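Quick note on numbering: the sequence shown equals residues -19 to -1, 1 to 171 in mature numbering (1 follows the signal peptide of the UniProt record, and there is no 0). Every residue gets a Cβ at the ideal spot worked out from N, C-alpha and C, and that includes glycine. Bear in mind the structure is a predicted one, so any value in this text is a computation, not a measurement. Written below as structure tokens is the structure these notes are about.
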Amino acid sequence: MLQESLIFGLITGLSTVFAATCQPGWKHHSATNSCYKPLQGDLPWTIAEFRCLFQGSHLASITSDEENRFVHGLVGNREMFTGGAYFGSNPVYVNSDGKPFALYENWQEGVRPAMNRARRCIKVDSYGEWFQSCCKQYGRAVCKKPAPRLFSSTTTTTTPRPTTTYGLDPAWTKVYKHKYYWRPPSDFKW
């Protein structure tokens, strides 16, 4: 009996740890192991995507009926944009996060409509069904990003940095703000 309660407590504790994998303000969805955050106010698709990008995410790509209901519920079942759109002259929908588009679709009338150059973005209506929309129209939006991993079963090995000194600066070059790269001297050997 004591062992069973200890095991139950351990499982409950682990599920609590795994449930709290998203940053404050983000909601975790266990079916996708992703974090979601609704943006404030109504925005055009492009502005919404940029706001998501600034937070390390993209507009939500919806890959299942369960995810469609979850994401739509985050905006109070109001009209909202998905990450799906088509660009340029290529009449193929893509998700802004690069995930394949046709994993799940939930179009009004049950069929994907013919491409409309004036309506390149996908919105979800108040019933959870999709329709084509002008990307400049305003709507709610939800950002999506992978949940951070708490535990990893893979091991990584690192190659030690060369201990040879070539002057005071080991050839680190600043590229942009806090980004650097290391260019080894021409006589350097691994």
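Closest by C-alpha distance to residue i, when choosing among the options
i, options, result
"Gly54", "Ala128, Lys126, Cys116 and Val105", "Val105"
"Lys125", "Val52, Pro72 and Phe68", "Val52"
"Gly6", "Thr27, Ser45 and Gln36", "Gln36"
"Gly79", "Thr44, Glu110 and Gly69", "Thr44"
"Tyr108", "Gln89, Pro94, Val123 and Tyr119", "Gln89"
"Gly122", "Leu34, Arg93 and Ala12", "For clarity, residue 122 is Ala in the given sequence; the question names Gly instead. When only C-alpha atoms are compared, the closest one is Leu34."
"Trp26", "Met96, Glu60 and Pro127", "Glu60"
"Pro129", "Ser38, Trp111 and Ala29", "Ser38"
"Leu24", "Phe62, Arg93, Gln4 and Pro94", "Phe62"
Beta carbon of residue i nearer than 8 Å to that of residue j
i, j, result
"Arg100", "Gln113", "yes"
"Pro19", "Val56", "yes"
"Asn76", "Ser42", "yes"
"Asn87", "Asn58", "no"
"Met96", "Tyr67", "yes"
"residue 182", "Asn14", "With the chain represented from -19 up to 171, any question about residue 182 goes unanswered, as that position is not in the structure."
Secondary structure of residue i, DSSP reduced to three states
i, result
"Asn58", "coil"
"Pro143", "Residue confidence is low: Pro143 scores 48 on pLDDT, short of 50, so the model does not pin down where it sits. No coordinate-derived value is stated."
"Ile103", "strand"
"Val52", "helix"
"Gly22", "coil"
"Thr44", "coil"
"Gln4", "coil"
"Thr27", "helix"
"Pro72", "coil"
"Arg130", "coil"
"Phe82", "helix"
"Arg98", "coil"
"Trp111", "strand"
"Arg93", "coil"
Status (buried if at least 16 other CB within 10 Å, exposed otherwise) for residue i
i, result
"Lys117", "exposed"
"Ile103", "buried"
"Leu40", "buried"
"Gly91", "exposed"
"Thr146", "Model confidence at Thr146 stands at a pLDDT of 38, short of 50, so the residue's coordinates are unreliable; what they give is reported in the following sentence. That one is exposed."
"Phe31", "exposed"
"Gly22", "exposed"
"Ser11", "exposed"
Rounded distance between the beta-carbons of residue j and residue i, thought under 8 Å
i, j, result
"Asp46", "Tyr17", "The pair is not a contact, with the Cβ atoms about 16 Å apart (cut-off 8 Å)."
"Phe82", "Gly69", "That belief does not hold up - the Cβ atoms of Phe82 and Gly69 are roughly 15 Å apart, past 8 Å."
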